[in-house]
Amino acid sequence: MNKTQKQRVKMLQNMIGFFRASLNPWVIRVKFKENPERVAFILHRVSGAIIAFYLLAHIIVTSYTDDPLAWERILNTLSSPWNKVGEWILATAIIYHGLNGIRLLLVEFFGVGIGRPELPKPPYIPPSFKGGQRKALYAVFILSIIGSILSAVLIFTGKLPI
Amino acid sequence: MVKESTWSIIQYITAILLILFLGFHLIERIPGLSPLQAATYEESLEYEKVSRAYDSYGWVLATLLVIGLFHGLNGLRGMLLEWKPEARTVINIVILVVFIVFAFVGFTTIYNHLAG
Amino acid sequence: MLEAEELEAAKRTPPKEVILKVKRYNPETGKQYIKEYKILTYRGMTILDALNYIKENIDPTLTTRYSCRMGVCGSCGMIINGKPRLACQTQVAAVATEENPVITVEPLYNIPVIRDLVTDFTPFFEKHKMIMPYIMRKNPKEVDEAEYEFLMSPEEHLEIYEYSLCIMCGLCYSACPVTASDPEYLGPQALAQAYRYIADVRDEEPEKRIVVVDTEHGCHRCHFAGTCSAVCPKMVDPAAAIQRLRKITLFYRLGLWRKKKTSRVAGPLEKPLRKIEAQYPTHNLVEGADPEKQAKEPVSIDFTDEMLSE
Ligand code: HEM
Ligand code: HEM
Ligand code: SF4
Ligand code: SF4
Ligand code: FES
Chain A
99 MNKTQKQRVK
109 MLQNMIGFFR
119 ASLNPWVIRV
129 KFKENPERVA
139 FILHRVSGAI
149 IAFYLLAHII
159 VTSYTDDPLA
169 WERILNTLSS
179 PWNKVGEWIL
189 ATAIIYHGLN
199 GIRLLLVEFF
209 GVGIGRPELP
219 KPPYIPPSFK
229 GGQRKALYAV
239 FILSIIGSIL
249 SAVLIFTGKL
259 PI
Chain B
18 MVKESTWSII
28 QYITAILLIL
38 FLGFHLIERI
48 PGLSPLQAAT
58 YEESLEYEKV
68 SRAYDSYGWV
78 LATLLVIGLF
88 HGLNGLRGML
98 LEWKPEARTV
108 INIVILVVFI
118 VFAFVGFTTI
128 YNHLAG
Chain C
556 MLEAEELEAA
566 KRTPPKEVIL
576 KVKRYNPETG
586 KQYIKEYKIL
596 TYRGMTILDA
606 LNYIKENIDP
616 TLTTRYSCRM
626 GVCGSCGMII
636 NGKPRLACQT
646 QVAAVATEEN
656 PVITVEPLYN
666 IPVIRDLVTD
676 FTPFFEKHKM
686 IMPYIMRKNP
696 KEVDEAEYEF
706 LMSPEEHLEI
716 YEYSLCIMCG
726 LCYSACPVTA
736 SDPEYLGPQA
746 LAQAYRYIAD
756 VRDEEPEKRI
766 VVVDTEHGCH
776 RCHFAGTCSA
786 VCPKMVDPAA
796 AIQRLRKITL
806 FYRLGLWRKK
816 KTSRVAGPLE
826 KPLRKIEAQY
836 PTHNLVEGAD
846 PEKQAKEPVS
856 IDFTDEMLSE
């Protein structure tokens with residue numbers, strides 16, 4: 099191919115892009131029950147980012163704790179209902195990220211829960227989807243919902259009904 | 018050059034530690050379980066409880082600060098590397114600077130509590 | 556992986572008429588546009604058949620790439636109804652219904668498009684080359700001037716067999732959320748192959764590959780989203796391979812991993828070969844199938860009138 103020809107042929111990059119890939123679980127239209135791991139990944143990423151940015155703000159806010167009056171002022175400005183909603187979202191994010199993080203630790207660091215290589219047989223389900231991590235994932239989803247409800251009760255009523 | 022697997026190993030180790038330390042930090046807010054004996058969620062945030070937390074669990078907060086910052090920022094770094102792979106050096110430097118600045122602010126707070 | 560419902564649907568007759576919405580790209584103008592084609596179907600028609608039908612009878616400018624049309628060469632990968640699939644392995648009946656006879660066809664994502672549905676696999680193959688996809692020995696003569704094969708037990712073969720089925724179709728690469736924004740990421744295919752050679756008992760240089768995958772754009776960028784395994788047409792399960800590879804790299808860095816066993820060259824036969832009766836296959840069978848019985852039965856196919864009229 100000579101140079102002029104090369105210039106005429108423009109290739110299309112056709113990339114999905116960072117934000118679509120990390121926010122939209124349906125860019126690749128695989129059914130949820132065929133690939134819940136992708137939804138889990140997106141939630142893990144979003145919750146991780148939420149907590150990380152919260153931590154940065156948190157460090158600034160807690161730097162006022164050494165002065166009782168300043169801390170009182172901060173607590174007053176941060177006591178609106180919307181802040182409570184924010185705290186509840188944060189608590190949910192931490193619970194999900196932590197539980198799913200344990201699952202990812204086991205899979206990615208210790209390599210467990212993804213089955214053993216096997217001879218492909220109908221109905222052709224990959225071993226990593228038959229392994230323990232799939233069950234763990236559903237447990238993570240369920241426990242996160244329970245944890246989220248409990249944290250809502252704690253944050254909005256101040257107490258847990260035990 | 019630090020190998021990527023080294024960062025990854027620290028990412029996973031800090032994750033394990035975060036389960037313990039962040040778990041403790043959040044249990045402080047739960048009435049009945051709170052080591053600060055807070056009767057409600059709001060009470061755990063009051064000045065008296067907070068300053069007691071710094072006095073008795075200063076080392077927990079200091080550890081939480083470092084591992085939380087490392088884990089969170091290294092996670093953000095991974096995302097940024099995917100987003101703009103060509104800006105690798107800039108990303109690494111920015112993340113390092115943010116880490117140092119926020120660790121400094123956090124440690125100053127803890128130091129002020131212990132000192133005064 | 557083929558979804559169970561689609562497997563069921565593939566056995567049905569497709570709707571009489573389907574509409575193919577093909578995303579086309581013209582490299583001269585640099586424009587991407589969607590073109591609709593209405594075609595009549597027949598039982599057993601694949602998407603590749605449909606595209607070829609369009610090319611032969613409706614629009615000869617439509618460009619596709621294929622060669623084996625039987626799911627072996629890996630050149631016909633495209634996005635069909637939003638999911639990466641092999642066009643030759645996808646039945647029209649599996650993706651179109653009477654109620655919704657529209658099928659969208661797009662070129663693979665994350666791989667540069669040359670024209671219409673033809674994508675440029677150069678970067679993909681480059682990455683495959685980077686992980687050195689061949690057996691390496693401490694003594695290269697054992698491979699280059701090989702007189703005898705390397706020993707490998709059936710169990711050791713099973714460890715890597717699944718991964719060796721890869722046809723390099725790029726479906727996993729197109730589905731992965733990391734390749735979606737990082738063009739330098741090695742991708743599920745190359746990483747799975749890196750594991751396949753590291754785990755291979757005949758290979759003696761796993762460290763060389765660990766160096767290649769242990770970068771900012773290597774195996775640590777994977778997040779176990781698992782979509783690669785969900786779309787792979789050959790059940791290669793790259794997601795599992797990458798997690799094992801990652802475990803190896805991490806433990807290797809901690810000084811806790813080293814290749815347990817490498818096999819030796821077989822050498823000349825010690826005893827003359829034994830004669831073994833041929834056996835009917837015992838694995839890989841459809842539930843309830845008995846090959847021995849089937850071999851004895853004469854083959855007869857009953858055509859109904861309806862089938863013959865089609
Ligand atoms: C509670 C215990 C926690 C555990 C067990 C945990 C576990 C993990 C693991 C295993 C990963 C790697 C995921 C992957 O490879 O995709 C990860 C990523 C991440 N974590 Fe955590 N984590 C915890 C707490 C936190 C906290 C407190 C923060 C914020 C300060 C955080 C922020 C992040 C971020 C931003 C990522 C990157 C996500 C991505 O790239 O998609 N995590 N976490
Ligand atoms: C509902 C969520 C949270 C609440 C209400 C909360 C509240 C507080 C309070 C009141 C303090 C002062 C010390 C104490 O009482 O222990 C504190 C300190 C601290 N928190 Fe949190 N926290 C929350 C979540 C988090 C998270 C997710 C992290 C992330 C890893 C975190 C990291 C820290 C750190 C590092 C300090 C010490 C900061 C310093 O002294 O500079 N907290 N937090
Ligand atoms: S791993 Fe599967 S999807 Fe990926 S290139 Fe190989 S055969 Fe295709
Ligand atoms: S498991 Fe890893 S390689 Fe496979 S699709 Fe997910 S992120 Fe990509
Ligand atoms: S044409 Fe060869 S895999 Fe489809």
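Quick note, the sequences are listed as chains A, B and C, same order. For the first sequence, the working numbering assigns the number 99 to the initial residue and increments by one for each residue that follows. For the second sequence, the working numbering assigns the number 18 to the initial residue and increments by one for each residue that follows. For the third sequence, the working numbering assigns the number 556 to the initial residue and increments by one for each residue that follows. A virtual CB, placed ideally from N, CA and C, is assigned to each residue, including glycine. Only a predicted model underlies this, so the values are computations on that prediction, with no experimental measurement involved.
Taking a Cβ-Cβ threshold of 8 Å, the residues of chain B close to E170 of chain A are Y64, in chain order. In the three-state reduction of the DSSP assignment, G632 of chain C falls in the strand class, which pools E and B.
Identification of residues in the region 76-99 of chain B having a C-beta nearer than 8 Å to some C-beta of chain C yields G95, L98, E99, given in sequence order.
Under DSSP, P123 of chain A shares a beta bridge with no residue. At a cut-off of 8 Å, the beta-carbon of G92 of chain B counts as near ligand 1: some heavy atom of the ligand is closer than that. Linking T837 of chain C to L720 of chain C through their CA atoms gives a straight-line distance of about 20 Å. Among the residues facing chain C, L153 of chain A is not included, as its CB has no counterpart in that chain under 9 Å away.
Contact of F116 of chain A with chain B by beta-carbon distance below 7 Å involves E99, W100.
For the region 723-736 of chain C, the residues whose beta carbon sits under 8 Å from a beta carbon of chain B are, in order, V733, S736. Within chain B, the residues placing a beta-carbon under 7 Å from that of G773 of chain C are E21, ordered along the chain.
Among the CB atoms of chain A, none fall inside 9 Å of the CB of P52 of chain B. Checking the 8 Å criterion, the Cβ of H142 of chain A is within range of a heavy atom belonging to ligand 1.
Contact annotation for A147 of chain A against chain B: G89, G92, L93, M96 [CB-CB distance below 9 Å, chain order]. For P570 of chain C, the three-state secondary structure derived from DSSP is coil. Straight-line spacing of the CA atoms in Q834 of chain C and Y222 of chain A works out to 24 Å. Excluding its 5 nearest sequence neighbours in each direction, K696 of chain C has no C-beta neighbour in its own chain below 6 Å.
Of all residues in the region 224-238 of chain A, only P224, P225, S226, F227 come within less than 7 Å of chain C when Cβ atoms are compared, listed by chain position. Judged by the Cβ position, G632 of chain C qualifies as a neighbour of ligand 3 at the 8 Å threshold, a heavy atom of the ligand being closer than this. Under DSSP, L595 of chain C shares a beta bridge with C:E572. Residues C628, S630 of the same chain have their beta carbon placed closer than 6 Å to that of S622 of chain C, with the five preceding and five following residues left out of the count. Take the alpha-carbon of A119 of chain A and the one of L663 of chain C: they are about 15 Å apart. In the structure shown, T106 of chain B falls within a helical segment according to DSSP collapsed to helix, strand and coil.
Neighbours of E739 of chain C in chain B, taken as residues whose beta carbon is under 7 Å from its own, are P102 in chain order. Pairwise C-beta distances place the region 244-259 of chain A out of contact with the region 758-776 of chain C, as fewer than three of them are shorter than 8 Å. Within chain B, the C-beta atoms nearer than 7 Å to that of L809 of chain C come from I26, in chain order. Using a Cβ-Cβ distance cut-off of 8 Å, the region 607-623 of chain C and the region 558-570 of chain C are not in contact, since fewer than three pairs of beta carbons, one from each stretch, lie closer than that value. Relative to the Cα of D165 of chain A, the nearest Cα in the group B:F124, B:Y64, B:G85 belongs to B:Y64. Residue pairing for Q231 of chain A: DSSP places it in no beta bridge. When DSSP reads this structure, K590 of chain C sits in a beta bridge with C:V577. Relative to ligand 5, the beta carbon of A642 of chain C is positioned inside 8 Å of a heavy atom. Ranked by Cα distance from E583 of chain C, the options A:F117, A:S226, A:L110 are led by A:L110. Not a single C-beta of chain B is nearer than 9 Å to the C-beta of T616 of chain C. Residues of chain B with a Cβ closer than 8 Å to the Cβ of S246 of chain A do not exist; the shortest Cβ-Cβ separation is about 13 Å. According to the DSSP assignment, T782 of chain C belongs to the alpha helix (DSSP H) that extends over 782-786. For the region 695-721 of chain C, the residues whose beta carbon sits under 8 Å from a beta carbon of chain A are, in order, L713, E714, I715, Y716, E717, Y718, L720. Counting C-beta atoms within 10 angstroms of its own C-beta, P823 of chain C has fewer than 16 neighbours from the protein chains shown and is therefore classed as exposed.
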